[in-house]
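*Asks:*
Residue numbers (this note's numbering): 1 to 307.
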């Protein structure tokens, strides 16, 4: 068969997402994913001023991506403030100013450090600290089991996670998959009101996990978490949590439970978007692992191709 014929048979991103969304174990994967995301969310009022939930996740990965593409032969490659600002702006992740602020916070928190002394005429290159690398490994250790429920790449990732070369290879492959396709939020557009709020996505994940253990994800029964507890956990005000919930009700994503004024029910619109978003996010992890495995098997790392 010709290369053109093979290309025609290759499933599209939407078809691959739909296959995962239809997997009978996706509810269990969603449960594991929600738990993993919440466990590793770091509440920070300063970070909340810089970016939304979605922005924080993508901005951190962009920083790791530039570092993972460093070419020792090119002193201008790797993670620098100007290259990070340019990448964030060109991909629409955030403004250059917010990008610079994020790097400053990551340095202050001990997640980034200078690669060495800055040479005259050359930009200062930043690299992840072991603190950040260890945190990433532990996050993946919680997320890959969710992927393993629906795709074989999950077990592959768990087997490779402690190999030093896997970290950067996975970052390269997953971010390139993100940049070459539609972002996961496009497959769950109803989640946008949560994803663009400060800790909004974490509020939603907490609600999902508050349902009865017998209620499969996404739960069909009532969900309830005290507003004060959510505010403390995610470093936002109670007014912000209430605003997030009211906005979701106004958008037709949640409806108050008539029997308990503090409880909510998921609408069909939100349910459908949860399946689409989670499936797309798991596909992104799967493609990152597959790409990393291919790179490790080949024994070479690609030269950086970021402008």
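C-beta: ideal position from N, C-alpha, C; glycine also.
Computed from a predicted structure; not experimentally measured.
From residue 168 to residue 292, what distance separates their C-alpha atoms?
*Replies:* Their Cα atoms are separated by approximately 8 Å.
*Asks:* Which residue spans inside the region 67-92 form an unbroken alpha helix (DSSP H) run of at least 4?
*Replies:* Correct list: 81-91.
*Asks:* Over what stretch of residues does the alpha helix (DSSP H) that includes residue 37 continue unbroken?
*Replies:* Unbroken alpha helix (DSSP H) run through residue 37: 26-39.
*Asks:* Among the residues of its own chain, which have a CB less than 7 Å from the CB of residue 46, if the five just before and after it don't count?
*Replies:* Confidence is the limiting factor: at residue 46 the pLDDT is only 42, short of 50, which leaves the residue's position unreliable and the question unanswerable from this model.
*Asks:* Could you give the first and the last residue of the continuous beta strand (DSSP E) run that contains residue 153?
*Replies:* It is not in any beta strand (DSSP E) - residue 153 instead sits in the alpha helix (DSSP H) that spans 153-160.
*Asks:* So, for residue 296: in the same chain, excluding its five sequence neighbours on each side, which residues have a beta-carbon less than 8 Å away from its beta-carbon?
*Replies:* Cβ within range, chain order: 160, 163, 165, 166, 169.
*Asks:* According to DSSP, simplified to helix, strand and coil, what is residue 306?
*Replies:* Bear in mind that a pLDDT of 44 at residue 306, under 50, signals an unreliable position, so the model cannot answer this.
*Asks:* As an exercise, report each continuous beta strand (DSSP E) stretch of at least 3 residues that is fully enclosed by the region 218-269, in chain order.
*Replies:* Listed in chain order, they are 254-257, 260-266.
*Asks:* Under the assumption that residue 29 contacts residue 146 (Cβ atoms under 8 Å), give the Cβ distance between them as a whole number of angstroms.
*Replies:* Indeed they touch by this definition, with Cβ atoms about 4 Å apart.
*Asks:* Which of helix, strand or coil does DSSP assign to residue 124?
*Replies:* Coil at residue 124, not helix or strand.
*Asks:* Per DSSP, which residues does residue 15 bridge with? Please list them.
*Replies:* DSSP lists no partner for residue 15.
*Asks:* Of the choices 214, 282, 156, 244, whose alpha-carbon is the least far from that of residue 294?
*Replies:* Selected option, being the one with the closest Cα: 156.
*Asks:* Can you list, in chain order, the residues of its chain with a C-beta nearer than 8 Å to that of residue 192? Leave out the 5 residues immediately preceding and following it.
*Replies:* Closer than 8 Å at the Cβ level, and outside the excluded window around residue 192, lie 185.
*Asks:* Give me the Cβ distance between residue 66 and residue 81, rounded to the nearest whole Å; I'm assuming they're in contact under 8 Å.
*Replies:* With 8 Å as the limit, residue 66 and residue 81 do not qualify as a contact, their Cβ atoms being about 10 Å apart.
*Asks:* Helix, strand or coil, according to DSSP, for residue 213 in the structure here?
*Replies:* In the structure shown, residue 213 sits in coil (DSSP, three-state: anything other than H, G, I, E or B).
*Asks:* Can you give me the C-alpha to C-alpha distance between residue 116 and residue 211, rounded to a whole angstrom?
*Replies:* Approximately 50 Å, taken between the alpha carbons.
*Asks:* Quick check on residue 305: buried or exposed, where buried means 16 or more other Cβ atoms within 10 Å of its Cβ?
*Replies:* Note that residue 305 has pLDDT 42, beneath the 50 cutoff, so the model's placement of it is unreliable and the number below is only indicative. Its Cβ having fewer than 16 others within 10 Å, residue 305 is exposed.
*Asks:* Run through DSSP, which three-state label would residue 164 get?
*Replies:* Residue 164 falls in the helix class under three-state DSSP.
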